[in-house]
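Everything below concerns the one structure shown next.
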(Lines of atoms letter the chains of each structure in order from A and count residues from 1; the text may use other names and numbers.)
(Lines give C-alpha, C1' and ligand atoms only; values in the text may rest on other atoms or scores of the structure.)
Protein backbone atom coordinates (compact mmCIF):
# COMPACT_ATOMS: atom_id res chain seq x y z
CA UNK A 1 0.00 0.00 0.00
CA UNK A 2 1.05 3.58 -0.80
CA UNK A 3 0.90 5.85 2.24
CA UNK A 4 0.53 8.99 0.13
CA UNK A 5 -2.65 7.71 -1.49
CA UNK A 6 -4.10 6.66 1.88
CA UNK A 7 -3.22 10.01 3.47
CA UNK A 8 -4.91 11.89 0.63
CA UNK A 9 -8.19 10.14 1.53
CA UNK A 10 -8.10 11.19 5.18
CA UNK A 11 -6.22 14.51 5.33
CA UNK A 12 -7.66 17.77 3.96
CA UNK A 13 -5.50 18.91 1.06
CA UNK A 14 -6.19 22.58 1.83
CA UNK A 15 -4.64 22.16 5.27
CA UNK A 16 -1.54 20.55 3.77
CA UNK A 17 -1.23 23.36 1.23
CA UNK A 18 -1.63 25.97 3.94
CA UNK A 19 1.04 24.20 6.00
CA UNK A 20 3.44 24.39 3.06
CA UNK A 21 2.70 28.11 2.63
CA UNK A 22 3.30 28.75 6.33
CA UNK A 23 6.57 26.83 6.17
CA UNK A 24 7.66 29.03 3.26
CA UNK A 25 6.68 32.22 5.09
CA UNK A 26 8.59 31.10 8.19
CA UNK A 27 11.64 30.45 6.03
CA UNK A 28 11.31 33.92 4.47
CA UNK A 29 10.99 35.44 7.94
CA UNK A 30 14.17 33.64 9.04
CA UNK A 31 16.03 35.05 6.03
CA UNK A 32 14.69 38.57 6.68
CA UNK A 33 15.71 38.37 10.34
CA UNK A 34 19.20 37.22 9.39
CA UNK A 35 19.53 40.07 6.84
CA UNK A 36 18.28 42.65 9.33
CA UNK A 37 20.77 41.46 11.95
CA UNK A 38 23.55 41.81 9.39
CA UNK A 39 22.47 45.41 8.66
CA UNK A 40 22.41 46.15 12.38
CA UNK A 41 25.91 44.73 12.72
CA UNK A 42 27.19 47.00 9.93
CA UNK A 43 25.52 50.06 11.47
CA UNK A 44 26.92 49.12 14.88
CA UNK A 45 30.45 48.83 13.47
CA UNK A 46 30.07 52.22 11.75
CA UNK A 47 28.82 53.80 14.98
CA UNK A 48 31.78 52.37 16.86
CA UNK A 49 34.19 53.92 14.34
CA UNK A 50 32.40 57.28 14.54
CA UNK A 51 32.48 57.09 18.33
CA UNK A 52 36.24 56.66 18.19
CA UNK A 53 36.63 59.59 15.79
CA UNK A 54 34.45 61.86 17.94
CA UNK A 55 36.44 60.97 21.05
CA UNK A 56 39.69 61.87 19.28
CA UNK A 57 38.29 65.21 18.06
CA UNK A 58 36.98 66.07 21.53
CA UNK A 59 40.35 65.24 23.08
CA UNK A 60 42.11 67.42 20.49
CA UNK A 61 39.68 70.28 21.20
CA UNK A 62 40.32 69.96 24.95
CA UNK A 63 44.08 70.16 24.49
CA UNK A 64 43.73 73.19 22.22
CA UNK A 65 41.64 75.03 24.79
CA UNK A 66 44.13 74.20 27.56
CA UNK A 67 46.94 75.74 25.50
CA UNK A 68 44.82 78.83 24.78
CA UNK A 69 45.00 78.20 21.06
CA UNK A 70 42.31 78.80 18.49
CA UNK A 71 40.56 75.71 17.06
CA UNK A 72 40.67 75.48 13.25
CA UNK A 73 37.33 75.74 11.50
CA UNK A 74 37.96 72.43 9.68
CA UNK A 75 38.31 70.71 13.02
CA UNK A 76 34.98 72.06 14.22
CA UNK A 77 33.35 71.06 10.93
CA UNK A 78 34.70 67.51 11.20
CA UNK A 79 33.41 67.24 14.74
CA UNK A 80 29.96 68.46 13.70
CA UNK A 81 29.83 66.07 10.75
CA UNK A 82 30.92 63.13 12.91
CA UNK A 83 28.28 63.92 15.52
CA UNK A 84 25.60 64.19 12.83
CA UNK A 85 26.66 60.88 11.25
CA UNK A 86 26.73 59.20 14.67
CA UNK A 87 23.22 60.40 15.46
CA UNK A 88 22.05 59.23 12.02
CA UNK A 89 23.53 55.77 12.66
CA UNK A 90 21.79 55.63 16.00
CA UNK A 91 18.48 56.43 14.32
CA UNK A 92 19.12 53.73 11.69
CA UNK A 93 20.07 51.20 14.37
CA UNK A 94 16.91 51.99 16.29
CA UNK A 95 14.83 51.61 13.12
CA UNK A 96 16.51 48.29 12.31
CA UNK A 97 15.90 47.11 15.88
CA UNK A 98 12.21 48.00 15.60
CA UNK A 99 11.98 46.17 12.27
CA UNK A 100 13.78 43.16 13.75
CA UNK A 101 11.28 43.04 16.61
CA UNK A 102 8.43 43.18 14.10
CA UNK A 103 9.93 40.32 12.06
CA UNK A 104 10.49 38.20 15.17
CA UNK A 105 6.91 38.80 16.26
CA UNK A 106 5.65 37.81 12.81
CA UNK A 107 7.74 34.64 12.92
CA UNK A 108 6.29 33.72 16.31
CA UNK A 109 2.79 34.32 14.99
CA UNK A 110 3.45 32.14 11.95
CA UNK A 111 4.95 29.37 14.07
CA UNK A 112 2.02 29.44 16.47
CA UNK A 113 -0.40 29.24 13.55
CA UNK A 114 1.58 26.38 12.06
CA UNK A 115 1.57 24.46 15.37
CA UNK A 116 -2.22 24.67 15.48
CA UNK A 117 -2.42 23.63 11.85
CA UNK A 118 -0.07 20.67 12.38
CA UNK A 119 -2.21 19.56 15.30
CA UNK A 120 -5.27 19.49 13.04
CA UNK A 121 -3.33 17.63 10.36
CA UNK A 122 -2.00 15.17 12.96
CA UNK A 123 -5.53 14.41 14.12
CA UNK A 124 -6.51 13.66 10.53
CA UNK A 125 -3.35 11.65 9.89
CA UNK A 126 -3.94 9.24 12.78
CA UNK A 127 -6.78 7.38 10.98
CA UNK A 128 -4.60 7.34 7.87
CA UNK A 129 -1.76 5.71 9.81
CA UNK A 130 -4.12 3.14 11.29
CA UNK A 131 -5.51 2.33 7.84
CA UNK A 132 -1.98 2.08 6.44
CA UNK A 133 -0.95 -0.32 9.23
CA UNK A 134 -4.06 -2.42 8.64
CA UNK A 135 -3.45 -2.64 4.90
CA UNK A 136 0.25 -3.33 5.46
CA UNK A 137 -0.49 -6.20 7.86
CA UNK A 138 -3.04 -7.59 5.41
CA UNK A 139 -0.52 -7.37 2.60
CA UNK A 140 2.20 -9.00 4.72
CA UNK A 141 -0.12 -11.85 5.73
CA UNK A 142 -1.07 -12.42 2.11
CA UNK A 143 2.61 -12.43 1.13
CA UNK A 144 3.48 -14.78 4.01
CA UNK A 145 0.62 -17.13 3.11
CA UNK A 146 1.83 -17.25 -0.50
CA UNK A 147 5.37 -18.12 0.61
CA UNK A 148 4.19 -20.66 3.19
CA UNK A 149 2.04 -22.39 0.57
CA UNK A 150 5.32 -23.13 -1.21
CA UNK A 151 7.54 -23.68 1.83
CA UNK A 152 5.31 -25.95 3.94
CA UNK A 153 5.07 -28.75 1.34
CA UNK A 154 8.83 -28.50 0.86
CA UNK A 155 9.28 -28.64 4.64
CA UNK A 156 7.04 -31.70 4.86
CA UNK A 157 9.00 -33.34 2.04
CA UNK A 158 12.28 -32.53 3.79
CA UNK A 159 10.99 -33.96 7.08
CA UNK A 160 9.82 -37.11 5.32
CA UNK A 161 13.18 -37.60 3.61
CA UNK A 162 15.10 -37.00 6.84
CA UNK A 163 12.89 -39.43 8.77
CA UNK A 164 12.72 -42.17 6.13
CA UNK A 165 16.09 -42.00 4.41
CA UNK A 166 18.50 -42.07 7.33
CA UNK A 167 20.41 -44.99 5.92
CA UNK A 168 20.71 -43.52 2.44
CA UNK A 169 23.99 -42.20 1.09
CA UNK A 170 22.10 -39.03 0.22
CA UNK A 171 20.99 -38.47 3.82
CA UNK A 172 23.33 -35.43 4.32
CA UNK A 173 21.73 -33.80 1.27
CA UNK A 174 18.24 -34.51 2.60
CA UNK A 175 19.25 -33.13 6.01
CA UNK A 176 20.70 -29.95 4.49
CA UNK A 177 17.59 -29.49 2.35
CA UNK A 178 15.25 -29.93 5.32
CA UNK A 179 17.33 -27.60 7.51
CA UNK A 180 17.45 -24.88 4.85
CA UNK A 181 13.69 -25.02 4.28
CA UNK A 182 13.09 -24.97 8.05
CA UNK A 183 15.27 -21.88 8.52
CA UNK A 184 13.58 -20.11 5.60
CA UNK A 185 10.14 -20.93 7.02
CA UNK A 186 11.15 -19.55 10.43
CA UNK A 187 12.45 -16.35 8.79
CA UNK A 188 9.20 -15.88 6.88
CA UNK A 189 7.14 -16.34 10.05
CA UNK A 190 9.40 -13.96 11.98
CA UNK A 191 9.29 -11.31 9.24
CA UNK A 192 5.59 -11.23 8.40
CA UNK A 193 3.81 -12.36 11.55
CA UNK A 194 3.58 -10.23 14.72
CA UNK A 195 6.23 -10.90 17.35
CA UNK A 196 3.75 -12.28 19.88
CA UNK A 197 2.55 -14.87 17.36
CA UNK A 198 6.11 -15.74 16.38
CA UNK A 199 6.98 -16.29 20.04
CA UNK A 200 4.17 -18.81 20.42
CA UNK A 201 5.10 -20.55 17.17
CA UNK A 202 8.75 -20.71 18.25
CA UNK A 203 7.89 -22.11 21.69
CA UNK A 204 5.54 -24.68 20.13
CA UNK A 205 8.19 -25.68 17.60
CA UNK A 206 10.82 -26.07 20.33
CA UNK A 207 8.44 -28.19 22.42
CA UNK A 208 7.74 -30.44 19.45
CA UNK A 209 11.46 -30.73 18.72
CA UNK A 210 12.30 -31.57 22.36
CA UNK A 211 9.52 -34.17 22.54
CA UNK A 212 10.69 -35.67 19.27
CA UNK A 213 14.29 -35.87 20.51
CA UNK A 214 13.21 -37.47 23.79
CA UNK A 215 11.08 -40.04 21.96
CA UNK A 216 13.98 -40.84 19.64
CA UNK A 217 16.41 -41.22 22.56
CA UNK A 218 13.96 -43.46 24.43
CA UNK A 219 13.46 -45.61 21.33
CA UNK A 220 17.20 -45.92 20.82
CA UNK A 221 17.69 -46.98 24.43
CA UNK A 222 14.70 -49.34 24.52
CA UNK A 223 14.96 -50.69 20.97
CA UNK A 224 18.47 -50.11 19.65
CA UNK A 225 19.18 -50.64 15.98
CA UNK A 226 20.57 -54.02 15.00
CA UNK A 227 23.61 -52.51 13.32
CA UNK A 228 24.45 -50.49 16.44
CA UNK A 229 24.04 -53.53 18.66
CA UNK A 230 26.15 -55.64 16.33
CA UNK A 231 28.93 -53.05 16.37
CA UNK A 232 28.80 -52.83 20.17
CA UNK A 233 28.78 -56.62 20.57
CA UNK A 234 31.59 -57.11 18.05
CA UNK A 235 33.88 -54.61 19.79
CA UNK A 236 33.18 -56.25 23.16
CA UNK A 237 33.98 -59.74 21.81
CA UNK A 238 37.22 -58.39 20.32
CA UNK A 239 38.25 -57.27 23.81
CA UNK A 240 37.06 -60.51 25.45
CA UNK A 241 34.48 -58.61 27.51
CA UNK A 242 30.81 -59.33 28.03
CA UNK A 243 28.89 -57.00 25.64
CA UNK A 244 26.25 -56.42 28.34
CA UNK A 245 28.20 -55.87 31.58
CA UNK A 246 31.87 -55.86 30.37
CA UNK A 247 32.84 -58.68 32.70
CA UNK A 248 35.92 -60.52 31.31
CA UNK A 249 35.16 -63.57 29.16
CA UNK A 250 37.38 -66.18 30.83
CA UNK A 251 37.64 -69.01 28.35
CA UNK A 252 40.60 -70.84 26.87
CA UNK A 253 44.00 -69.35 27.81
CA UNK A 254 42.32 -66.39 29.57
CA UNK A 255 40.45 -68.57 32.06
CA UNK A 256 42.39 -67.41 35.14
CA UNK A 257 43.40 -63.91 34.01
CA UNK A 258 42.02 -60.45 34.62
CA UNK A 259 41.93 -57.47 32.23
CA UNK A 260 39.94 -54.39 31.32
CA UNK A 261 39.09 -52.63 28.08
CA UNK A 262 42.41 -50.79 28.23
CA UNK A 263 44.67 -53.63 29.37
CA UNK A 264 43.30 -56.44 27.19
CA UNK A 265 46.21 -56.26 24.74
CA UNK A 266 48.81 -56.16 27.53
CA UNK A 267 47.87 -59.48 29.14
CA UNK A 268 50.33 -62.28 28.18
CA UNK A 269 48.66 -65.47 26.90
CA UNK A 270 49.67 -69.10 27.18
CA UNK A 271 49.71 -71.34 24.13
CA UNK A 272 46.81 -73.48 25.35
CA UNK A 273 43.50 -72.98 23.59
CA UNK A 274 41.33 -75.30 25.64
CA UNK A 275 38.15 -77.07 24.64
CA UNK A 276 35.45 -74.90 23.10
CA UNK A 277 32.24 -75.13 25.10
CA UNK A 278 29.10 -72.98 25.40
CA UNK A 279 29.74 -70.06 27.77
CA UNK A 280 27.49 -67.80 29.83
CA UNK A 281 28.60 -64.59 31.54
CA UNK A 282 28.81 -65.37 35.28
CA UNK A 283 28.10 -61.71 36.10
CA UNK A 284 24.88 -60.95 34.19
CA UNK A 285 23.85 -64.39 32.92
CA UNK A 286 23.95 -63.47 29.22
CA UNK A 287 24.76 -66.42 26.89
CA UNK A 288 27.93 -65.47 25.01
CA UNK A 289 28.86 -68.69 23.17
CA UNK A 290 26.39 -71.37 22.12
CA UNK A 291 26.09 -74.35 19.82
CA UNK A 292 25.06 -73.49 16.27
CA UNK A 293 21.74 -75.23 15.49
CA UNK A 294 22.81 -75.66 11.85
CA UNK A 295 26.36 -77.04 11.97
CA UNK A 296 26.75 -77.87 15.66
CA UNK A 297 29.90 -75.73 16.00
CA UNK A 298 30.46 -73.17 18.73
CA UNK A 299 29.31 -69.70 17.68
CA UNK A 300 28.99 -66.24 19.23
CA UNK A 301 25.53 -65.90 20.74
CA UNK A 302 25.27 -62.14 20.16
CA UNK A 303 26.69 -61.90 16.63
CA UNK A 304 24.52 -62.41 13.54
CA UNK A 305 26.53 -65.11 11.72
CA UNK A 306 28.13 -68.41 12.67
CA UNK A 307 31.88 -68.42 12.09
CA UNK A 308 31.78 -72.04 10.91
CA UNK A 309 28.84 -72.26 8.54
CA UNK A 310 27.68 -68.64 8.18
CA UNK A 311 24.18 -69.35 9.48
CA UNK A 312 22.38 -66.08 10.26
CA UNK A 313 20.69 -65.20 13.52
CA UNK A 314 18.50 -62.16 14.11
CA UNK A 315 19.96 -59.67 16.58
CA UNK A 316 18.36 -56.96 18.71
CA UNK A 317 15.22 -55.23 17.45
CA UNK A 318 14.84 -57.57 14.46
CA UNK A 319 14.59 -60.56 16.77
CA UNK A 320 12.08 -58.74 18.98
CA UNK A 321 9.97 -57.81 15.96
CA UNK A 322 9.84 -61.43 14.80
CA UNK A 323 8.88 -62.59 18.29
CA UNK A 324 6.12 -59.96 18.58
CA UNK A 325 4.88 -60.80 15.06
CA UNK A 326 4.84 -64.52 15.85
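In our numbering, the protein residues as written are -7 to 318.
Yeah, the Cβ is synthetic: ideal placement off N, Cα and C, and Gly gets one too.
Small disclaimer: the values here were computed from a predicted structure and weren't measured.
For the pair residue 225 and residue 295, the CB atoms are nearer than the 8 Å cut-off. One alpha carbon belongs to residue 234, the other to residue 221, and they sit about 13 Å apart.
With respect to the 8 Å criterion, residue 154 and residue 167 are classified as neighbours on the basis of their beta carbons. Where residue -1 is concerned, the enclosing alpha helix (DSSP H) starts and stops at -5 to 2. Here residue 7 has 109, 112 and 113 as same chain residues with Cβ atoms under 7 Å from its own Cβ, once five neighbours each way along the sequence are excluded. The three-state secondary structure of residue 290, taken from DSSP, is strand. Measuring C-alpha to C-alpha distances from residue 75 to each of 103, 243 and 46 identifies 46 as the nearest. Taking C-beta atoms as the reference points, residue 78 and residue 39 count as a pair closer than 8 Å.
In terms of CA proximity to residue 243, 281 leads the group 255, 211 and 281. The distance from the Cβ of residue 293 to that of residue 237 is about 14 Å, inconsistent with a contact at the 8 Å cut-off. Under the three-pair Cβ rule at 8 Å, the stretch 79 to 88 does not count as touching the stretch 18 to 27. Straight across, the Cα-Cα distance linking residue 131 with residue 116 is about 23 Å.
Between residue 25 and residue 92, the C-beta spacing is below 8 Å. Inter-residue distance for residue 28 and residue 70 is about 30 Å (C-alpha atoms, whole angstroms). In the DSSP assignment, residue 279 falls outside any alpha helix (DSSP H) and lies within the beta strand (DSSP E) extending over 279 to 283. Counting every other CB atom within 10 Å of its CB across the protein chains shown gives residue 150 a total of 16 or more, marking it as buried. For residue 239, the closest of -1, 209 and 272 by C-alpha to C-alpha distance is 272.
In the three-state DSSP reduction, residue 304 falls in the strand class (E or B).
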